[in-house]
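Oh and the sequence shown: position 39 is 39 in UniProt numbering, straight run, nothing missing. Glycine included, each C-beta is placed from N, C-alpha and C at the ideal position.
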Amino acid sequence: MVTPLLSENVKKAKARYQSITHEIAENKNLPELLRELDEAIIAADDLLVKAILKGSPHIGLEALKNELWYLKFQILERD
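Listed below in C-alpha cells is the structure:
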C-alpha cells in the first residue's frame with residue numbers, strides 16, 4: 001500500500017529529477033547540483049546498506065543510486 005506521504009515524496013523526487021536534468025542541459029548551477037548529488041548518493045548508499053542488512057528489497061534503491069551517478073557524470077562531462 002502506498003501512503004499519501006510516500007506518494008507525495010515520489011512526486012517531489014520526480015519533479016526535482018526533472019529540474020536537475022533541465023539545469024544540467026542549461027549548464028545552470030552545476031557546482032551546487034554536484035554537491036546535492038554527492039549528498040544524495042551518500043544517502044542512497046546508506047539506505048541501500050541498511051536494506052541489505054535487514055534483508056529488505058533494495059532493487060529500487062540500486063536503480064536510484066545509478067540514476068544519481070548518471071546525473072553526476074552528466075555534470076562532470078560538462079566541466
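Query, Result
"Straight-line CA distance for residue 49 to residue 39?", "16 Å"
"Taking the alpha-carbon positions, what's the residue 54 to residue 41 distance?", "20 Å"
"Please classify residue 76: is it buried, with 16 or more other beta-carbons within 10 angstroms of its beta-carbon, or exposed?", "exposed"
"Assign residue 32 to one of three DSSP states: helix, strand, or coil.", "helix"
"Given a threshold of 16 other Cβ atoms within 10 Å of its Cβ, counted over all protein chains shown, does residue 2 qualify as buried or as exposed?", "In this prediction, residue 2 has a pLDDT of 47, which is less than 50 and means its spatial position is unreliable; what the coordinates show is noted afterwards. That one is exposed."
"Between the Cα of residue 44 and the Cα atoms of 64, 20, 10 and 59, which residue gives the shortest distance?", "64"
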